[in-house]
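In the UniProt record's numbering, the protein residues as written are 1 to 372.
Next comes the structure, spelled out in structure tokens:
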């Protein structure tokens with residue numbers, strides 16, 4: 001099949017120095033219909049990108065954490081209405097599990113200049129530099145004030161990192177162990193972990209800069225934003241940003257999100273999966289500022305497409321999320337399509353990926369008569 005629009009766009013990304021290298025995998029009915037790599041994992045040494053390169057997922061970790069939480073809800077060990085101050089007494093008593101899942105807890109990241117943001121930054125600094133435990137991280141975050149009433153506004157932030165800490169308390173095991181035992185191992189995601197399993201396949205991080213002479217990519221071998229980049233298990237496995245993976249592995253997870261089945265067995269109840277990929281903001285949807293397109297709202301850990309009127313045209317019901325280094329995941333349940341795009345540049349030019357690349361992929365899907 002000739003994926004001319006997709007490949008032209010990816011080559012354009014590389015030629016314009018938006019990314020050093022990328023990997024793209026597309027599946028239909030859980031079968032690979034496209035899988036290719038472009039550019040270099042290391043520009044200076046001209047090491048070509050391979051399909052099995054390992055990338056930092058960053059926020060593409062979030063949907064995996066949501067599934068971990070939903071599994072506990074399915075088992076009756078947790079509920080959407082549980083207050084999180086039951087687990088960490090210093091948290092605002094109005095915050096519930098559902099507020100963490102749909103990012104309406106009032107807890108943010110640290111790029112706003114609030115006092116709360118400064119406290120949250122201090123907690124992440126301790127993870128990066130002193131390797132504190134996830135429980136210590138959550139206790140420190142619990143003292144940060146919310147910037148809005150829980151349930152009232154959408155704010156991107158640390159909510160799913162807190163979910164990871166709660167899962168540790170309920171399961172009596174490390175969050176990394178719970179995720180591995182209940183998600184990664186059943187899905188045979190053998191290259192995915194909260195550390196880099198094979199340094200030989202690690203993708204170098206490049207900082208993207210616009211200069212008077214054009215775009216430049218500058219290698220940063222010490223890059224460790226939000227989390228450590230190491231080949232050893234960190235003390236805090238962050239549910240909002242901490243996983244490393246390959247395109248093949250993450251594609252397995254995205255295919256699981258189509259029906260919640262593993263080897264034909266209903267592993268996650270359809271009703272819970274539907275909750276995840278449904279509009280969870282409703283009358284406060286106007287506070288959802290993160291996406292590139294007003295056709296979207298937010299579910300649990302993912303954008304969700306409610307209409308298909310604005311470019312790029314994908315499909316109503318399409319959902320997924322992206323990561324700080326430009327990576328993006330897409331699930332289209334109607335057409336049984338998944339797309340895993342992995343990249344390693346910071347900042348990640350996410351808007352360009354999720355407009356131009358999404359548009360090119362769907363143009364090819366229609367021109368190749370894979371979908372209508």
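Each residue gets a CB set at the ideal place from its N, CA and C atoms; glycine is no exception.
Is residue 142 near residue 106, with beta carbons less than 8 Å apart?
By 1-based counting over the chain shown, the position of residue 142 is 142. By 1-based counting over the chain shown, the position of residue 106 is 106. Going by C-beta atoms, residue 142 is not nearer than 8 Å to residue 106.
Which term fits residue 49, buried or exposed, when burial requires 16 or more other beta carbons within 10 angstroms of its beta carbon?
Along the chain shown, one-based indexing puts residue 49 at 49. So residue 49 ends up on the buried side.
Going along the chain, which residues of its own chain have a beta-carbon closer than 7 Å to the beta-carbon of residue 9, five neighbours each way excluded?
Numbered from its first residue, the chain shown carries residue 9 at position 9. Cβ neighbours of residue 9 beyond the five flanking positions: 356, 357 and 360.
So, does the segment 182-193 touch the segment 129-137, judging by three or more C-beta pairs under 8 Å?
Output reads no: the segment 129-137 does not touch the segment 182-193.
Specify, as a first and last residue, the run of the beta strand (DSSP E) that residue 341 falls within.
By one-based count along the chain shown, residue 341 stands at place 341. Membership of residue 341 in the beta strand (DSSP E) is indicated by the continuous run 337-343.
According to DSSP, is residue 390 helix, strand or coil?
One cannot answer for residue 390 here, as it falls past the ends of the chain, which runs 1 to 372.
Within 8 Å, strictly: CB atoms of residue 332 and residue 309:
Reading the chain shown from its first residue, position 332 is the one you call residue 332. Reading the chain shown from its first residue, position 309 is the one you call residue 309. No, Cβ-Cβ distance for residue 332 and residue 309 is not below 8 Å.
Rounded C-beta distance between residue 292 and residue 154? I'm assuming under 8 Å.
Working through the chain shown from its first residue, we reach residue 292 at position 292. Working through the chain shown from its first residue, we reach residue 154 at position 154. No, residue 292 and residue 154 are not in contact; Cβ-Cβ is about 15 Å, not under 8 Å.
So, at 6 Å on beta carbons, what are the nonlocal neighbours of residue 25 in its own chain, with the 5 sequence-adjacent residues on each side left out?
Locating residue 25 in the chain shown gives position 25, where the first residue counts as 1. Annotation for residue 25: 35, 247, 251 and 340 place their beta carbon closer than 6 Å to its own, counting only its chain and skipping 5 residues before and after.
Kindly list the residues whose CB is nearer than 6 Å to the CB of residue 3, restricted to its own chain and excluding five residues on each side of it in sequence; keep chain order.
Walking along the chain shown from the start, residue 3 turns up at place 3. Take residue 3, set aside five residues on each side of it, and the residues of its chain with a beta-carbon closer than 6 Å to its own are 34 and 364, in chain order.
With a CB to CB cut of under 8 Å and the five nearest residues on each side skipped, what residues in its chain are close to residue 79?
Start at 1 with the first residue of the chain shown, and residue 79 comes out as number 79. The beta carbon of residue 79 sits closer than 8 Å to those of 73 and 97, all from its chain and outside the five residues before and after it, given in chain order.
Specify, as a first and last residue, the run of the beta strand (DSSP E) that residue 21 falls within.
For the purposes of this step, residue 21 is identified with residue 21 of the chain shown, where counting begins at 1. Going by DSSP, residue 21 is part of the beta strand (DSSP E) stretching over 21-28.
Given residue 178, which residues of its chain have a CB within under 8 Å of its CB, disregarding the five upstream and five downstream residues?
Your numbering for residue 178 matches position 178 in the chain shown. These residues qualify, in order along the chain: 68, 167, 168 and 171.
Spell out a yes or no on whether the segment 267-281 and the segment 221-231 are touching, meaning 3 or more CB-CB pairs, one atom from each, closer than 8 Å.
Result no; under three Cβ-Cβ pairs closer than 8 Å.
Would you please state the rounded distance, in angstroms, between the beta carbons of residue 301 and residue 65? I believe it to be under 8 Å.
Reading the chain shown from its first residue, position 301 is the one you call residue 301. Reading the chain shown from its first residue, position 65 is the one you call residue 65. With 8 Å as the limit, residue 301 and residue 65 qualify as a contact, their Cβ atoms being about 7 Å apart.
Name the two residues that bound the continuous beta strand (DSSP E) containing residue 263.
Translated into positions along the chain shown, residue 263 becomes position 263. Unbroken run through residue 263: none, as it is neither H nor E.
Quick one: grab the DSSP three-state call for residue 47.
For the purposes of this step, residue 47 is taken as residue 47 along the chain shown, with counting starting at 1. Strand at residue 47.
At least 3 beta-carbon pairs within less than 8 Å: the segment 18-32 vs the segment 334-351:
Taking 8 Å as the limit for Cβ pairs, the verdict is that the segment 334-351 does touch the segment 18-32.
Note down the Cα distance separating residue 56 from residue 131, rounded to an integer number of angstroms.
Position 56 of the chain shown, counted from the first residue, corresponds to residue 56. Position 131 of the chain shown, counted from the first residue, corresponds to residue 131. For residue 56 and residue 131, the distance between alpha carbons rounds to 18 Å.
Leaving out five residues before and five after residue 285 in sequence, what residues of the same chain have Cβ atoms less than 6 Å from its Cβ?
Taking the first residue of the chain shown as position 1, residue 285 is located at position 285. Cβ neighbours of residue 285 beyond the five flanking positions: 297.
Check whether the Cβ atoms of residue 295 and residue 306 lie closer than 8 Å to each other.
Counted from its first residue, the chain shown places residue 295 at position 295. Counted from its first residue, the chain shown places residue 306 at position 306. Yes, the Cβ-Cβ distance between residue 295 and residue 306 is below 8 Å.
I need the DSSP call for residue 41, collapsed to helix, strand or coil.
Position 41 of the chain shown, counted from the first residue, corresponds to residue 41. Residue 41 falls in the strand class under three-state DSSP.
Quick one: is residue 198 buried, meaning 16 or more other Cβ sit within 10 Å of its Cβ, or exposed?
Taking the chain shown and counting its residues from 1, the one referred to as residue 198 is at position 198. Counting every other CB atom within 10 Å of its CB across the protein chains shown gives residue 198 a total below 16, marking it as exposed.
Considering Cα atoms alone, identify which of 345, 261 and 203 is closest to residue 231.
Against the chain shown, residue 231 aligns to sequence position 231. Comparing Cα-Cα distances from residue 231 to each of 345, 261 and 203, the minimum goes to 203.
Under a three-way DSSP split, which group does residue 54 fall into?
Within the chain shown, residue 54 is the residue found at index 54, counting from 1. Residue 54 falls in the strand class under three-state DSSP.
Going straight from the alpha carbon of residue 195 to that of residue 206, what length do you get?
As a working note, residue 195 is residue 195 in the chain shown. As a working note, residue 206 is residue 206 in the chain shown. In this model, residue 195 and residue 206 are separated by some 19 Å (Cα to Cα).
Write down the C-beta distance between residue 58 and residue 236 rounded to the nearest angstrom, noting that I regard them as a contact closer than 8 Å.
For the purposes of this step, residue 58 is identified with residue 58 of the chain shown, where counting begins at 1. For the purposes of this step, residue 236 is identified with residue 236 of the chain shown, where counting begins at 1. In fact, because the Cβ distance is near 15 Å, the residues do not count as touching under 8 Å.
May I have the straight-line CA-CA distance separating residue 84 from residue 290, to the nearest angstrom?
Counting from 1 along the chain shown, the entry for residue 84 is found at position 84. Counting from 1 along the chain shown, the entry for residue 290 is found at position 290. Straight-line Cα distance between these residues: approximately 25 Å.
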